[in-house]
Amino acid sequence: FGSSHFLSSSSPRRPFLRIGARAGEMAAAGAEVPASPNIDCVGDFSEGDELHRRVPAEMWTVTSGDLRHLRRLVCEAIGRGELRPTARDPFDVGDRWTGPSIYTVTEQLIKPVTAQAGGMSWALMRHPRGAR
58 FGSSHFLSSS SPRRPFLRIG ARAGEMAAAG AEVPASPNID CVGDFSEGDE
108 LHRRVPAEMW TVTSGDLRHL RRLVCEAIGR GELRPTARDP FDVGDRWTGP
158 SIYTVTEQLI KPVTAQAGGM SWALMRHPRG AR
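Basically the numbering used here = 1-based index in the sequence shown + 57.
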């Protein structure tokens with residue numbers, strides 16, 4: 058996932074294309090959060106903490122569209138060799154039906170992406186104002 062790959066839902070809001078913008082700025086602008094999993098999982102997570110305090114827990118959700126988007130991201134990452142089998146999950150990169158375990162997806166894709174976005178959950182990264 059290079060910097061040209063952005064996570065945006067199928068909502069009518071415009072995608073936010075400013076690389077390096079933080080979730081708080083993006084939520085204020087009514088935009089989605091860009092992300093690239095090729096990052097280190099360290100940094101300031103105050104943005105994520107703030108979103109988790111501000112948005113009611115019942116609005117921390119992902120939609121079926123978000124899950125379809127995640128599946129596309131997983132397939133693309135496998136195709137580029139960025140999501141790889143491990144000793145714990147020796148999935149077949151050619152098997153598009155079974156694919157990697159959610160553990161592998163979480164460790165190699167979700168955690169790095171959400172860390173870069175500010176440390177919030179995947180749900181709040183996709184919907185900084187929450188979703189119903």
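Backbone N, C-alpha and C fix where the C-beta goes; we use that ideal spot for every residue, glycine too.
Quiz item: By how many angstroms is the C-alpha of glutamate 115 removed from the C-alpha of methionine 83?
Solution: Any answer about methionine 83 is weak, because its pLDDT of 44 lies below 50 and its placement is not dependable; what the coordinates show is given next. So the alpha carbons of these two residues sit roughly 21 Å apart.
Practice problem: Count the other CB atoms, across all protein chains shown, that sit within 10 Å of the CB of glycine 138; report buried if there are 16 or more and exposed otherwise. | Solution: exposed
Quiz item: Do the segment 101 to 110 and the segment 151 to 169 make contact, defined as three or more Cβ pairs closer than 8 Å?
Solution: no
Quiz prompt | Whole-angstrom C-beta distance between threonine 143 and threonine 155, which should lie under 8 Å | solution = At roughly 15 Å, the Cβ-Cβ gap does not stay under 8 Å, so threonine 155 and threonine 143 are not in contact.
Quiz prompt | Backbone CA spacing between leucine 127 and threonine 163 [nearest angstrom] | solution = 11 Å
Self-check item: Backbone secondary structure at glycine 81 - three-state DSSP
Solution: Because the pLDDT at glycine 81 is just 46, under 50, the model does not fix this residue reliably, and the point stays unresolved.
Practice problem: Reducing DSSP to helix, strand and coil, say where threonine 161 ends up. | Solution: helix
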